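Colleague: I'd like to ask you about the structure that follows.
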Amino acid sequence: MTDRQLLELIVQKVTGIESTITDLESNVTELNSKVSNLDSRFTSLESKVSNLDSRFTSIELTVSNLDRKVSSMETKISNILSQQAEHTAMIKALIHASEVQKAETEGIKMELAKLIGEQAAMREERQSSFKALADMYGQHEFELAKLRKKSV
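Note that my numbering has the sequence shown beginning at 8, numbered continuously upward.
Right, here's the structure in full:
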């Protein structure tokens, strides 16, 4: 091979290498663009994960608050049930006292009816006695009047 041919071959090879380098530069630029795009997407993903973490923390706080409220409600319900049991016992005691009072009132009514009956019987007996005494008094007056007439 001659020097010229050799030189043309070298130029050809250098041109091929330049073309390959240009292709490689283009590929590197494309890769840089893709890496930049991936970096941007990763940053966006990190932001979304951070947002999710923040929302999860907020949910945890809400659940914690709900737990406290449920615990408070359970305490209140327990107190209400205790008061309800006390009120039930008091109502039962009042019902019993009312029944006892009703029975006593019925007993008093019966006793009063008995006393009224006895009083009526005594009144009749007294009226009978007064009538008998009045009759006796009238009889005695009549007898005395007769005796006075005889002695005069």
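Backbone N, C-alpha and C define an ideal beta-carbon position, used for all residues, glycine too.
These figures come from a predicted structure and were not determined experimentally.
Indicate the three-state DSSP secondary structure (helix, strand or coil) for glutamine 8 in the structure shown.
Modeller: For the record, residue 8 in the displayed sequence is methionine; it is not glutamine. In this structure, methionine 8 counts as coil in the three-state DSSP scheme.
Colleague: Which of the three DSSP states, helix, strand or coil, is assigned to valine 107?
Modeller: Looking at valine 107 - three-state DSSP - the assignment turns out to be helix.
Colleague: The ligand NAD and arginine 133: does any heavy atom of the ligand fall closer than 6 Å to the residue's C-beta?
Modeller: This structure simply doesn't include the ligand NAD, nor any ligand for that matter.
Colleague: Does the beta carbon of isoleucine 66 come closer than 7 Å to any beta carbon on chain D?
Modeller: Any reference to chain D falls outside this structure, which holds one protein chain only.
Colleague: Between phenylalanine 137 and alanine 110, what straight-line distance do the alpha-carbon atoms span, to the nearest angstrom?
Modeller: Using only the alpha carbons, I get a separation of about 40 Å.
Colleague: Which value, in whole angstroms, describes the spacing of the CA atoms of serine 78 and threonine 64?
Modeller: Approximately 21 Å, taken between the alpha carbons.
Colleague: Looking at the structure shown, is valine 35 part of a helix, part of a strand, or coil, going by DSSP?
Modeller: Valine 35 falls in the helix class under three-state DSSP.
Colleague: Can you tell me the Cα-Cα spacing of histidine 94 and lysine 76, whole angstroms?
Modeller: Roughly 26 Å between the two C-alpha positions.
Colleague: Helix or strand or just coil, what does DSSP make of valine 159?
Modeller: Coil, per DSSP.
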